[in-house]
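**Q** Here it is, the structure in full.
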Amino acid sequence: MNIPKKKRPAAMPLEDFADRLQLTMRRLARAQLRQERDYLSRGLITLPQFRALYQV
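Here it is as structure tokens:
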């Protein structure tokens, strides 16, 4: 029986991978901010205020 070996994906230079990952993370962060509707993401309260409210 001939069992084909798994094909390895084409090698990508680390710099190219890092650039693509950075673009993907930016898109993901923007999409998350579009979905969020809380006071912190809308800029109505600051991060220290949010932390204080979280402790209460």
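The opening position of the sequence shown corresponds to residue 78 in our numbering, with each subsequent residue numbered one higher. Cβ coordinates follow ideal geometry from the N, Cα and C atoms, glycine included. These numbers come from a predicted model, not from an experiment.
With a threshold of 6 Å on Cβ separation, who are the neighbours of Ile122 within its own chain once the five nearest residues in sequence on each side are excluded?
**A** Numbered from 1 along the sequence shown, position 45 holds the residue referred to as residue 122. Same-chain partners within the cutoff: Tyr116.
**Q** Taking C-beta to C-beta, are Ser118 and Leu110 nearer than 8 Å?
**A** Position 41 of the sequence shown, counting from 1, holds the residue named residue 118. Position 33 of the sequence shown, counting from 1, holds the residue named residue 110. Their beta carbons are under 8 Å apart, which means Ser118 touches Leu110 by this criterion.
**Q** Taking just the CA atoms, how far does Asp93 sit from Gln44?
**A** For the chain, the structure presents residues 78 to 133; residue 44 sits outside this window and is missing.
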